[in-house]
Amino acid sequence: MDARRGTPASSGRHLRRRLFEIVENGWRHDRAGRFFDVFIATLIIANVAATIVQTVPEIAERYGTLIDRFDAVCVAIFIVEYGLRLWTVSEHPVYGRLPALRGRLTFAATPLMILDLVAILPFFVALFFPVNLAAIRVLRLVRFFRLVRYSPALGTIGRVIRAEGRALAACIVVLCSVLILASVAMYLAEGHVQPDKFGSVPAAMWWGVVTLSTVGYGDVVPSTPGGRLIGAIVMICGFGLFALPIGILASGFQQEIRRRDFVVTYTMVASVPLFANLDAHMLAEVMRSLNSRRVRPGEPIISEGETADAMYFIMEGKVEVELPEGPVTLSAGDFFGEMALLRHSRHSVGVKALEQCELLMLRAHDFRLLLARHHDFAVAIRTAAKKRATEKRGDLVMSKPGPS
Numbered sequence: 235m236d237a238r239r240g241t242p243a244s245s246g247r248h249l250r251r252r253l254f255e256i257v258e259n260g261w262r263h264d265r266a267g268r269f270f271d272v273f274i275a276t277l278i279i280a281n282v283a284a285t286i287v288q289t290v291p292e293i294a295e296r297y298g299t300l301i302d303r304f305d306a307v308c309v310a311i312f313i314v315e316y317g318l319r320l321w322t323v324s325e326h327p328v329y330g331r332l333p334a335l336r337g338r339l340t341f342a343a344t345p346l347m348i349l350d351l352v353a354i355l356p357f358f359v360a361l362f363f364p365v366n367l368a369a370i371r372v373l374r375l376v377r378f379f380r381l382v383r384y385s386p387a388l389g390t391i392g393r394v395i396r397a398e399g400r401a402l403a404a405c406i407v408v409l410c411s412v413l414i415l416a417s418v419a420m421y422l423a424e425g426h427v428q429p430d431k432f433g434s435v436p437a438a439m440w441w442g443v444v445t446l447s448t449v450g451y452g453d454v455v456p457s458t459p460g461g462r463l464i465g466a467i468v469m470i471c472g473f474g475l476f477a478l479p480i481g482i483l484a485s486g487f488q489q490e491i492r493r494r495d496f497v498v499t500y501t502m503v504a505s506v507p508l509f510a511n512l513d514a515h516m517l518a519e520v521m522r523s524l525n526s527r528r529v530r531p532g533e534p535i536i537s538e539g540e541t542a543d544a545m546y547f548i549m550e551g552k553v554e555v556e557l558p559e560g561p562v563t564l565s566a567g568d569f570f571g572e573m574a575l576l577r578h579s580r581h582s583v584g585v586k587a588l589e590q591c592e593l594l595m596l597r598a599h600d601f602r603l604l605l606a607r608h609h610d611f612a613v614a615i616r617t618a619a620k621k622r623a624t625e626k627r628g629d630l631v632m633s634k635p636g637p638s
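Position 60 of the sequence shown, counting from 1, maps to 294 under the working numbering, and the rest follow consecutively.
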């Protein structure tokens, strides 16, 4: 191929890669990526705020046209963003492995991309179909949920809910049981006195819900001594029952925050060269096993001679490996520490941070579980280890591993 003919294609790939880094990994790269994320998040907030104030008749009458024009500009920007995400999916570490069309369709079917599409649709529905404009304006509020993309920490809440699912389910069962018992008791105590309010168990459940939640609207109150006694007991139970799930979630969230210095995302894990050939299911399991760690410049990460309890992947920053023949610097994409885990030995070299680093840490127990469960992961690790042994570099990977 002529060099001049290859240049545009090469430039196009470089541009696509650069745009992918900006739109998908903004917070983990340069100023352009961070600016893009802040700009889109600010635009979403401004658009939602404009939609909310437009429901005020006086504001709608005076500024309605201006707000509609602002919405059109926002939608145009959102469409460009959506198109960029689809175009750059070829650079995605997971979806980029698929054929072009299939990769884009699969990526478009992910929850965040569906949310992006739903956020755009109200504009076109109002443009081409005779519908209630007030309802369409309210539907625009779904754009607020797009902020989930720009706040990876929200994923921590989801992980906590999944981890504590059984305990939360038990709380719901107990809460429903108390609600039914309270409603039946109030039906028996007050049903003959206030048949319009407690004449059936379902009717009494309204009182049970507002009393257990300690809201107590006051529109339905017991009038007999027995009913008041039941009401007092239910209110006291409500304090404890609603505190249970809050305590479970707070404890789980605290544990998750202690476990991670920064939020580990799927794209972040998929971008690690060692995981480049793992499928989506395996990547998800690896992500659950990883802890994050942020280290300051000069802080030791591994000390020579200490027991190996984890291996590390560098996401940002640089570290220095203290080899006998001289120090070697590792940067983003490199990893270290797995040789000692494979050999069940102590670390043969020390490693310290040269600048502030963000590391992913895979503990020894999880490392061995992944080796035992997943052949592809074991092959990737052992191939890299064999290469390192050939180079005689101790606990150090000199270069990022290619496809195994």
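Glycine included, every Cβ here is placed at the ideal spot set by N, Cα and C.
Exposure label - residue i; buried when at least 16 CB within 10 Å
i       : result
Pro-635 : Annotation note: pLDDT 40 at Pro-635 (below 50); position unreliable, coordinate value reported separately. That one is buried.
Phe-269 : exposed
Gly-317 : exposed
Arg-383 : buried
Cys-410 : exposed
Phe-362 : exposed
Thr-445 : buried
Arg-238 : Residue placement at Arg-238 cannot be trusted, given a pLDDT of 46 that sits under 50; what the coordinates show is reported in the next sentence. Exposed, since its Cβ has fewer than 16 Cβ neighbours within 10 Å.
His-609 : exposed
Val-449 : exposed
Gly-267 : buried
His-326 : buried
Pro-558 : exposed
Arg-374 : buried
Leu-594 : buried
Leu-200 : Coverage of the chain is limited to positions 235 through 638, which leaves residue 200 absent and any answer about it impossible.
Leu-517 : buried
Val-309 : buried
Val-468 : buried
Glu-292 : exposed
Whole-angstrom C-beta distance between residue j and residue i, which should lie under 8 Å
i       : j       : result
Ala-542 : Gly-567 : Ala-542 to Gly-567, Cβ: 21 Å. No contact.
Ser-417 : Ala-438 : 4 Å
Ala-284 : Phe-304 : 6 Å
Val-394 : Ala-504 : Not a contact, Cβ separation roughly 23 Å.
Gln-288 : Ala-280 : No, Gln-288 and Ala-280 are not in contact; Cβ-Cβ is about 12 Å, not under 8 Å.
Val-412 : Leu-463 : Wrong, their Cβ atoms sit about 16 Å apart, outside the cutoff.
Glu-315 : Ile-274 : 6 Å
Lys-552 : Ser-565 : 5 Å
CA-to-CA distance, residue j to residue i, given in whole angstroms
i       : j       : result
Gly-337 : Ala-353 : 22 Å
Leu-346 : Thr-458 : 54 Å
Asp-495 : Gly-465 : Only weak support exists for where Asp-495 lies, its pLDDT of 49 falling under 50; the value from the coordinates is given anyway. If you take the alpha carbons of Asp-495 and Gly-465, they lie about 46 Å apart.
Val-272 : Trp-321 : 21 Å
Leu-512 : Gly-481 : 37 Å
Ser-526 : Trp-441 : 47 Å
Ile-256 : Ala-477 : 42 Å
Val-307 : Arg-265 : 24 Å
Phe-254 : Ala-606 : 34 Å
His-515 : Pro-333 : 19 Å
Glu-533 : Glu-540 : 16 Å
Val-323 : Leu-349 : 17 Å
Val-359 : Glu-550 : 43 Å
Lys-621 : Val-520 : 23 Å
Thr-390 : Gln-489 : 11 Å
Ala-368 : Gly-246 : 43 Å
Tyr-297 : Val-282 : 15 Å
Arg-377 : Leu-355 : 10 Å
Ala-618 : Leu-300 : 59 Å
Ser-638 : Phe-509 : Residue confidence for Ser-638 is low, a pLDDT of 39 falling below 50, so the modelled location carries little weight and cannot support an answer.
Val-408 : Ile-414 : 10 Å
Val-443 : Ser-485 : 26 Å
His-599 : Ser-447 : 43 Å
Leu-244 : Met-545 : Here residue 244 turns out to be Ser, not Leu, going by the sequence shown. Taking the straight line from one Cα to the other gives about 36 Å.
Ile-278 : Ala-403 : 34 Å
Arg-528 : Thr-340 : 33 Å
Asp-453 : Cys-405 : 27 Å
Phe-487 : Ala-343 : 29 Å
Val-372 : Leu-381 : 17 Å
Gly-392 : Pro-479 : 14 Å
Proximity test, residue i beta-carbon vs the ligand ADP heavy atom, cut-off 7 Å
i       : result
Ala-574 : Judged by which ligands are present, the structure shown has none, so any question about the ligand ADP falls away.
Beta-carbon proximity check, residue i vs residue j, cutoff 8 Å
i       : j       : result
Thr-563 : Glu-556 : no
His-581 : Ala-574 : yes
Val-585 : Ile-535 : yes
Pro-531 : Glu-592 : no
Leu-524 : Leu-576 : no
Val-613 : Phe-547 : no
Gly-460 : Ala-423 : yes
Phe-705 : Leu-604 : In the structure displayed, the chain extends from 235 to 638; residue 705 sits before or after that span and is not available.
Met-420 : Pro-364 : no
Inset, instruction - Ignoring anything shorter than 4 residues or poking outside the region 516–568, list the alpha helix (DSSP H) runs there in chain order. - result: Listed in chain order, there is nothing to give.
Legend entry - Complete beta strand (DSSP E) runs within the region 335–420 (minimum length 3 residues, chain order): Runs of the beta strand (DSSP E) lying entirely within the region 335–420 and spanning at least 3 residues: none are present.
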